[in-house]
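Below: one structure, written as structure tokens.
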Amino acid sequence: MTLSGPMSSAKASIVAAASIVTSQLTVQTRGNGFADLTSEVDRFLRESNAREGAVTLFIRHTSASLTIQENADPSVLTDLQTALSRLAPENAGWTHNAEGPDDMPAHVKTMLTSVSLQIPVISGEMVLGTWQAIYLIEHRARRHQREVVLQFIGVTK
Numbered sequence: 005m006t007l008s009g010p011m012s013s014a015k016a017s018i019v020a021a022a023s024i025v026t027s028q029l030t031v032q033t034r035g036n037g038f039a040d041l042t043s044e045v046d047r048f049l050r051e052s053n054a055r056e057g058a059v060t061l062f063i064r065h066t067s068a069s070l071t072i073q074e075n076a077d078p079s080v081l082t083d084l085q086t087a088l089s090r091l092a093p094e095n096a097g098w099t100h101n102a103e104g105p106d107d108m109p110a111h112v113k114t115m116l117t118s119v120s121l122q123i124p125v126i127s128g129e130m131v132l133g134t135w136q137a138i139y140l141i142e143h144r145a146r147r148h149q150r151e152v153v154l155q156f157i158g159v160t161k
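So in our numbering, the last one in the sequence shown is 161, and the numbering has no gaps at all.
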């Protein structure tokens with residue numbers, strides 16, 4: 005039994021990876037929630053003169069993470085926050101609580117999401133879907149300063 009319809013693919017484009025451009029983005033979070041990084045990554049690509057390749061984001065923390073999610077309806081982010089809180093509640097009897105009751109749940113939420121993302125870049129633009137944005141997810145209740153490494157690998161102008 006086939007579960008999909010006809011498929012097609014575009015002609016592959018071949019480029020030599022001539023450049024590696026790296027930067028670090030520092031984000032001051034406001035506590036538990038989502039911070040949209042899309043425009044900062046766009047700016048990094050413009051400043052890098054990126055043309056064809058891929059951009060990688062890597063967060064240097066174990067209690068915050070990265071995701072690509074819908075950017076049109078804010079209730080999606082609210083519901084995602086609710087889902088993560090239900091999957092890793094503060095009162096689940098965790099033994100690791102060195103920094104408070106949200107410490108271990110934050111680590112679990114990071115494990116369930118991602119610490120790195122890779123996005124194709126074509127003609128200098130990320131190939132995100134119409135309703136997609138890049139978010140840093142702060143899993144801790146208080147403000148934190150988070151570091152995200154940005155790296156473009158590919159052809160520059």
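Backbone N, C-alpha and C fix where the C-beta goes; we use that ideal spot for every residue, glycine too.
Since the structure is predicted, the reported quantities are computational estimates derived from the model, not experimental observations.
Report yes if the C-beta distance between E129 and P109 is below 8 Å; otherwise report no.
Between E129 and P109, the gap from beta carbon to beta carbon reaches 8 Å or more.
What number of angstroms, rounded off, separates the C-alpha of H65 from the C-alpha of S13?
37 Å
Which residues does DSSP list as the beta-bridge partners of T160?
A54
Inter-residue Cα distance where the pair is T86 and N53
For T86 and N53, the distance between alpha carbons rounds to 39 Å.
Tell me the start and end of each unbroken beta strand (DSSP E) in the stretch 80-148 that is at least 3 residues and wholly inside, in chain order.
120-126, 136-142
Which listed residue (A22, N36, G57, A76) has its alpha carbon closest to that of G133
A76
Exposed or buried, which one is H143 when buried takes at least 16 other CB atoms within 10 Å?
buried
Let me confirm a value: T99 is counted as buried when at least 16 other C-beta atoms fall within 10 Å, else exposed. Which label applies?
Exposed: under 16 other Cβ atoms inside 10 Å.
What is the rounded straight-line gap between the Cα of S89 and the Cα of T30?
25 Å
8 Å Cβ shell around T112 - same chain, five flanking residues per side excluded
According to the sequence displayed, residue 112 carries Val and not Thr. These residues qualify, in order along the chain: L91, A92.
So, at 6 Å on beta carbons, what are the nonlocal neighbours of S27 in its own chain, with the 5 sequence-adjacent residues on each side left out?
Closer than 6 Å at Cβ, skipping near neighbours: F48, L154.
Proximity of I24 and I157 at Cβ, strictly below 8 Å
At the C-beta level, I24 and I157 come within 8 Å of one another.
Which value, in whole angstroms, describes the spacing of the CA atoms of E103 and A39?
22 Å
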